Amino acid sequence: MSVHPKQNTGGDANKKIIVWLMAIVIGMFGFGFALVPLYNVFCSVTGLNGKTGGQIALPAVLNVDTSREITVEFVATLNENMPWSFYPDVRSVKVHPGEPTRISFYAKNNTNEKIIGQAIPSVAPGLAATYFHKTECFCFTEQTLQAGEEKHMPVVFIIDSDIPKDVNVLTLSYTFFIKPGSEAAVSLAHNSKHQEL
Amino acid sequence: MSAVIEEHHDHHDHKPTGIGRWLFSTNHKDIGTMYLWFSFIMFFIGGALALVIRAELFEPGLQFVEPELFNQLTTLHGLIMVFGVIMPAFVGLANWMIPMMIGAPDMALPRMNNWSFWLLPGAFGLLIASLVMSLMGMGSAPNFGWTFYAPLSTTYGPASTDYFIFSVHMMGISSIMGAINIIATIMNMRAPGMTYMKMPIFVWTWFITAYLLIAVMPVLAGVVTMMLTDRHFGTSFFNAAGGGDPVLFQHVFWFFGHPEVYIMILPSFGIISQIVPTFARKKIFGYSSMVYATASIAFLSFIVWAHHMFTTGMPVAGELFFMYATMLIAVPTGVKVFNWVSTMWRGSLSFETPMLFAIAFIFLFTIGGFTGLMLCIVPADFQYHDTYFVVAHFHYVLVTGAAFGIMAGVYYWIPKWTGNMYDETLGKWHFWLSVISVNVLFFPMHFLGLAGMPRRIPDYSLQFAEFNAVASIGAFVFGFTQLIFLYNVIKTARGKTSVKATSQVWEGAEGLEWTLPSPAPFHSFTTPPQVK
Amino acid sequence: MSAAIRVAGLISLLLFSAQSMAGYQLNMKPGVTSFSQGAYEIHTMVMWICVAIGVVVFGAMLYSIINHRKSKGAVASDFHESTALELAWTIVPFLILIVMAIPATRILLDMEDVSNPDLSIKITGYQWKWNYDYNVGENAQDISFFSNITTPDALHKSTNGGVAKDKDYLIEVDKKLVIPTNKKIRLLITSNDVIHAWWVPAFGVKKDAIPGFINESWINVPEPGIYRGKCAELCGANHGFMPVVVEAKSEADYNAWIASQKAVATAAAASANKTWTKEDLMAQGEKVYATTCAACHQASGAGIPNVFPALKGSAIATGPVAKHLNIVLHGVTGTAMQAFAGQMNDADLAAVITYERNAWGNNTGDMVQPSDVKAAR
């Protein structure tokens, strides 16, 4: 190793810079991960991606705006290979903002084994998502259906009276996934590897 | 390669010999040479992949590759060109030139420099091995595009995705170490009197680029780490089933990706800012506004990332914010272009190969800048997004921008590196064939995109046939023209050209590097020069 | 078209560019909706502003290149600073940007019109086809179907040569999305697997289909006609082969189409209850196989080594019927093999499984009836 005469500084100055820059590097690596909760906060504030908030308690005083009527459509999607049947019991309802409304979705497990599913809600337009509150929903917890079992799963929601005036139709969507890491997910994955051989 | 420089052995004292000289090198010139050759080799590999792609797209129908392989080729082409060609070439130029430009004897952290380089062959060896294995029928290479959007790259990624993740980690560490080294060199090793506002623009652009690297390469490392844990350790960052969000991937990726775009262009701005004054025989116009413009571009690059994601369904307020912020980038970029033009204005111009490439850079990069401005206009972007218009745009900024800047830099500095003038006739052939064919290659892609051809497709319907054929012809001419460049570089390095370079090399050149003899001695500025 | 003809065409393009340009589309088309026309308007405006700036900047550069040459005896001036100039070319571009931003903002805000739609249609992206579901909202119709490319042979090198490279090449689907004209239609876009993007240039609508999330857009098409588009987001091997075709019909024609679809559904339900002959199953199975299965498993049943398994002589297609049926119904997680239970009716499933078990020398002799499928669901 050849040693070159250093210019106007020695190794200490380099060390200081390395320490500073490494701190930035580690900080930015952490920042990448911090983007995850930041993004979720950002979504819940702006309704980005139609993400809805968590469960809220039914308010003691309801502030119903009977002058307006909003059509709420329901759609159901099964993610790849989810071997269930899944659809809304009603296609749409008309509601007044502020009024709690109860509807339900139907699901049936078409296989011979128990499957744990997780439903992911989404609201369109995204802007309406922040005004869409659920007091009861099958999406808050995982849903287990035994072989051949069927179920009507309730949702109770309230649309905030503050929802912008130009929103008069919105859509509540659920997509059912096999719960990652659950037995069914593992057995299906195992099954597939087995079949490939 | 080693023979090349050993020819000058008699000029200099104690230069290590044999393979060990390269494996254990801590010399900024040797490491710079290795970076440049690595980048050059990768350029031909990535270019060969591009030619297979263009051959497949020459006419409708599938002639050469299956769609699965096509996606692997586009992915590897993108990754190799971005991380294996443009970035290492810039680091190579930085290694060679920054110490010589600021009057330093070497980089501040020579041993780390060695390691930064030697990580790269490992990283790319792994990546290319996945393609070789795929060609041998063992699984698939990464096939999700260089942007590797989840869930295509996570839940649906091939087994080689783990190779890819490891490879990205290695190149990330390499870039971060390279950037730390450059910052430490610039901050600590300047010759007496070399104040920040006296540094050559190339040094300035690299200084700012290095900070960008430090800031965003860790974010890239973060995003691939999240992919890794999603794939193997049960997390759900990007998997909706577990409460994650695939769109989050795009936000984190582009938070890295957009500054990355400027990492790939700022050093070229620096090279052009060295070359234009030399061949205009005139000082750079607006030195300080050049520096401030570079810094503003770097700052703005952090707040525009979501302009890559207008079709994901963002709220209007978000679309407007990212559109306005992106439009602002046009202002400092415009300042740079105007400054270059003003530097040429009322100069005493001559048109050697480096200047030809620099002028082509200004023209063609500006065209890429214009299409960039068009792309940021949200309603129009809904039509442009993910079409060949985008492909045309980023090839104008990366090929005729970044790569032309690098070629200009190589022609400009190779006499200093080797002590020999390159062959000017071959250089002109290389330039004219390149500049014509590159436009035949990429200009029709604007039309294809506007006519509705999506990117990343192995086959297309008949209305796109004509311009695809034109582009493919341009691609082959451009690709093979680069062999002239390779030949010229080898010829110059081996000293087979007739003219020996003087230490000044270019009549109008100014700066410390031109005070050194050509070739620059193995150890230069062992006693610091005094800058007035 | 052969390569030779194309090269000849190119030469003619270069020689007689004015005439031969007719077949070469150079610019975006205005399209038929307010979205696409807005996009076209702002595209045109920004493009011409860029051209104008380009003429000025490149003009100055060319002037300098021509006149300020050393070979012409030009002597370099000391012109390297001018605060006034530098301020001017910071402020003037900024003002030009404002001129662009104002119409861009207006057009974008016009696109965000969330008022009453007449009809909602759900669009779901699959690897590699689209599902159109009319069973949404107040005007829900019990119609849902998949839209597949009509030429699955085009997807593979070995079979591509046999596909006619005509005007329909890679742009035609078996079932089009049918919409009424002059109605505001709300599109709800999502995905079953990876991210896709539904795009029809003539509508100016390009929206990502994201698994787990729902996106929306609107169209109001004034003219009946066929409108074509593509998937615009890389979604795996056959990303290039999932065209979008929309047929806009007048209201009367649209209603007639709805009625005909319902009749088809009724007939399908009836066929699911009858017992089919083997010939009928094989004939129907061959059709279903060609549109749904051949893209991966190949028309020859040979699959693609290391990518898509062969069915010809495979353990699944010649082994126990129950296992074969189970895989077709429920798919194989982590592979491209989808669950077809939700995608096809009993009769089509029975037919295609029967076909797979008896075609290409898989002479198992097995027959699967719609009732068997129903029982296995």
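Chains as they are written, first to last, in the working numbering: chain A, 6 to 202; chain B, 4 to 535; chain C, -17 to 359.
Don't be surprised by glycine CBs; every beta carbon is placed ideally from N, CA and C.
From a predicted model like this one, the values you see are computed outputs, not experimental measurements.
Buried or exposed (CB count within 10 angstroms, at least 16 for buried), residue i
i             : result
residue 4/C   : At residue 4/C, the pLDDT of 41 sits below 50, so the modelled position is not reliable and the matter cannot be decided from this model.
residue 30/C  : exposed
residue 235/B : exposed
residue 320/C : buried
residue 261/B : buried
residue 108/C : buried
residue 10/A  : With a pLDDT of 43 at residue 10/A, under the threshold of 50, the modelled position of this residue cannot be trusted; read the value that follows with caution. Exposed, since its Cβ has fewer than 16 Cβ neighbours within 10 Å.
residue 219/C : buried
residue 57/B  : buried
residue 59/C  : exposed
residue 426/B : buried
residue 244/C : exposed
residue 137/B : buried
residue 470/B : buried
residue 67/A  : exposed
residue 38/C  : exposed
residue 330/B : buried
Of the residues the options, the one placed nearest residue i, counting alpha carbons only
i             : options                       : result
residue 152/C : 457/B, 516/B and 513/B        : 457/B
residue 177/B : 465/B, 521/B, 118/B and 161/B : 118/B
residue 299/B : 317/B, 337/B and 287/B        : 337/B
residue 240/C : 115/C, 94/C, 43/C and 44/C    : 115/C
residue 269/C : 230/C, 352/C, 336/C and 209/C : 336/C
residue 62/A  : 185/A, 161/A, 174/A and 187/A : 161/A
residue 184/A : 141/A, 71/A, 146/A and 53/A   : 146/A
residue 128/B : 61/B, 258/B and 44/B          : 44/B
residue 139/A : 116/A, 131/A, 165/A and 151/A : 165/A
residue 124/A : 90/A, 77/A and 67/A           : 90/A
residue 108/A : 33/A, 181/A, 71/A and 77/A    : 77/A
residue 57/C  : 350/B, 251/B, 244/B and 314/B : 350/B
residue 285/B : 523/B, 514/B and 312/B        : 514/B
residue 360/C : 356/C, 345/C and 344/C        : The structure shown does not extend to residue 360/C, since chain C is modelled only from -17 through 359, so no value can be given for it.
residue 387/B : 16/C, 6/C, 14/C and 24/C      : 24/C
residue 81/A  : 126/C, 69/C and 111/C         : 126/C
residue 305/C : 70/A, 85/A and 116/A          : 116/A
residue 160/B : 455/B, 71/B, 444/B and 266/B  : 71/B
residue 307/B : 279/B, 352/B and 378/B        : 378/B
According to DSSP, residues forming a beta bridge with residue i
i             : result
residue 148/A : 122/A
residue 107/A : 161/A
residue 230/C : 161/C and 207/C
residue 48/A  : The partner list for residue 48/A (beta bridge, DSSP) is empty, contrary to what the question assumes.
residue 60/A  : 139/A
Worksheet item: For the region 22 to 35 of chain A, which residues have a CB atom closer than 7 Å to at least one CB atom of chain B, in sequence order?
Response: Here the close residues are 22, 23, 26, 29, 30, 33 and 34.
### Query
Which residues, in chain order, does the region 28 to 46 of chain B contribute to contact with chain A at a C-beta distance below 7 Å?
From the region 28 to 46 of chain B, only 29 have a Cβ closer than 7 Å to chain A.
For the region 198 to 225 of chain C, list every residue whose C-beta sits within 7 Å of some C-beta in chain A, in sequence order. Within the region 198 to 225 of chain C, those residues whose Cβ lies closer than 7 Å to any Cβ of chain A are, in chain order, 198.
Along the chain, which unbroken stretches of the alpha helix (DSSP H) at least 4 residues long are found entirely within the region 104 to 190 of chain C?
The region 104 to 190 of chain C contains, as complete alpha helix (DSSP H) runs of 4+ residues, the segments 139 to 142 (chain order).
- Which parts of the region 160 to 218 of chain B are runs of the alpha helix (DSSP H), unbroken and 4 residues or longer, counting only runs that do not cross its ends? Counting only runs of 4 or more, we get 164 to 191.
Identify each residue in the region 267 to 293 of chain B for which the Cβ-Cβ distance to at least one residue of chain C is less than 8 Å, and report them in chain order.
So the close ones are 283, 284, 285, 286, 287, 288, 289, 290 and 292.
| chain A contacts from the region 166 to 196 of chain B (Cβ-Cβ distance under 8 Å) | Cβ contacts with chain A come from 179, 182, 183, 186, 187, 190, 191, 192, 193, 194 and 195.
Original post:
the region 92 to 119 of chain A: which residues have C-beta closer than 7 Å to a C-beta of chain C, in chain order?
Top reply: So the close ones are 96, 97, 115 and 116.
Residues of the region 280 to 291 of chain C with Cβ closer than 8 Å to any Cβ of chain B, in chain order
Flagged, chain order: 286, 287, 288 and 289.
| message | Please give me, in chain order, every unbroken run of the alpha helix (DSSP H) with length at least 4 that falls completely inside the region 79 to 120 of chain B. | response | Those alpha helix (DSSP H) runs which fall completely within the region 79 to 120 of chain B and span 4+ residues are 90 to 105.
At which residue ranges does the region 63 to 116 of chain A contain complete beta strand (DSSP E) runs of 3 or more residues, listed in the order of the chain? Under the rule that a run must span 3 or more residues, the beta strand (DSSP E) segments found entirely inside the region 63 to 116 of chain A read 75 to 83, 89 to 93, 97 to 100 and 106 to 114.
Q) Taking a cut of 8 Å between CB atoms, which residues from the region 462 to 481 of chain B lie near chain C? A) Within the region 462 to 481 of chain B, the qualifying residues are 462, 463, 464, 465, 466, 468, 469, 470, 472, 473 and 476.
Q. Can you list, in chain order, the residues of the region 116 to 141 of chain A whose Cβ is nearer than 7 Å to any Cβ on chain B?
A. Contacts with chain B (Cβ-Cβ distance below 7 Å) from the region 116 to 141 of chain A involve 123, 125, 131 and 132, listed in chain order.
Name, going along the chain, the residues of the region 78 to 107 of chain C whose beta-carbon falls closer than 8 Å to a beta-carbon of chain B. So the list reads 79, 82, 83, 86, 87, 89, 90, 91, 93 and 94, given in the order they occur along the chain.
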